[in-house]
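If you use the working numbering, the sequence shown corresponds to residues 6 to 211, in order.
Below is one structure, written out as structure tokens; comments come after it.
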Amino acid sequence: MTSPAVLAHDVITTNLTFAQEISRILNKHCVSCHREGGTSMPLTTYEEVRPWAKAIRDEVLEHRMPPWDAVKGVGDFRDDQSLSQPEIDMLVGWVEGGAPEGDPIYLATAPHFDPPEAPPAGAEIELRDSMTLAKPMTIAGIRPHGALEVSACLPDGTVEHLLWIRSFHPQWKLAYYFRQPVTLPTGTKLLLYSHDGNSATLIEPR
């Protein structure tokens, strides 16, 4: 986000407040990066958040923040920072309703963050278009290289949709690790759909 938009003397037209609803959304999805000592400007207090309120609204509406391109409902991934639609609606409603602080007595306890652990990674296999497995494969995660869909057609005819990237942000350099590694049997056909000829990297467990 660029320079903050100053919000002064806005008329309050919402019952949503920073103390009760918004601080909890930010604690859950944002302050792992947006905090003192994090990778982005802190958004842990009302005083820090208030000048950025309109910019936060715009980033959330355009799905530029939090950094997460995977479409919800396709794949079950760990460390999912994306916002649900009700959370987006609350953030937008709070900003457009004047961004009130509310009573600080209702603030939640600030979360504690341990040093991040890099997910264990093993062999990496590039997937373009399709491939049929000559032996079983376990996939720990997928690193997309553009907008695409990755699916697995199992030998019994069932289809498992693994990842869907509708809007891709290359600057995030994200890999999506499954909550539980996905094991596929021999004969499974992996399919990659992309209008732009993009590929994906399949990451096997170490």
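Don't be surprised by glycine CBs; every beta carbon is placed ideally from N, CA and C.
Please read all numbers here as calculations on a predicted model, not as lab measurements.
Is it buried or exposed for residue i, if we count other Cβ within 10 angstroms and need 16 for buried?
i: Arg-200; result: For the record, residue 200 in the displayed sequence is His; it is not Arg. Exposed: under 16 other Cβ atoms inside 10 Å.
i: Tyr-198; result: exposed
i: His-39; result: buried
i: Leu-66; result: exposed
Residue i and residue j look like a contact to me (Cβ under 8 Å); what is the Cβ gap, rounded to whole Å?
i: Met-95; j: Leu-21; result: 6 Å
i: Glu-209; j: Ala-139; result: Not really, about 15 Å apart at Cβ, beyond 8 Å.
For residue i, tell me which candidate among the options has the shortest Cα-Cα distance.
i: Ala-24; options: Arg-40, Leu-48, Glu-41, His-39; result: Leu-48
i: Phe-82; options: Arg-184, Ile-93, Gly-202; result: Arg-184
i: Glu-53; options: His-68, Ile-27, Gly-78; result: Ile-27
i: His-34; options: Thr-44, Leu-88, Val-100; result: Leu-88
i: Ala-131; options: Gly-98, Gly-42, Gly-202, Met-46; result: In the sequence as presented, Ala is not what sits at residue 131; that position holds Glu. Ranking the options by Cα distance to Glu-131, first place goes to Gly-202.
i: Leu-168; options: Leu-112, Gly-162, His-150, Pro-160; result: His-150
i: Glu-122; options: Thr-193, Tyr-182, Gly-192; result: Tyr-182
i: Glu-85; options: Tyr-111, Met-70, Glu-165, Leu-195; result: The residue asked about is misnamed: residue 85 is Asp in this sequence, not Glu. That would be Met-70, whose Cα lies nearest to the Cα of Asp-85.
Would you check if the distance between the CB atom of residue i and the CB atom of residue j is smaller than 7 Å?
i: Ala-180; j: Arg-148; result: yes
i: Gly-102; j: Thr-18; result: yes
For residue i, verify whether its CB is less than 6 Å away from any heavy atom of the ligand FAD.
i: Gly-107; result: For the structure depicted, the ligand FAD is absent and the ligand set is empty, with no information on it obtainable.
With contact counted as at least three CB pairs below 8 Å, one residue from each stretch, are the stretch 66-86 and the stretch 172-186 in contact? yes
The stretch 56-64 in contact with the stretch 138-147 per 3-pair CB rule at 8 Å: no
If we count Cβ pairs, one from each stretch, closer than 8 Å, do we get three or more for the stretch 179-193 versus the stretch 98-116? Between the stretch 179-193 and the stretch 98-116, the count of Cβ pairs shorter than 8 Å is below three; the stretches do not touch.
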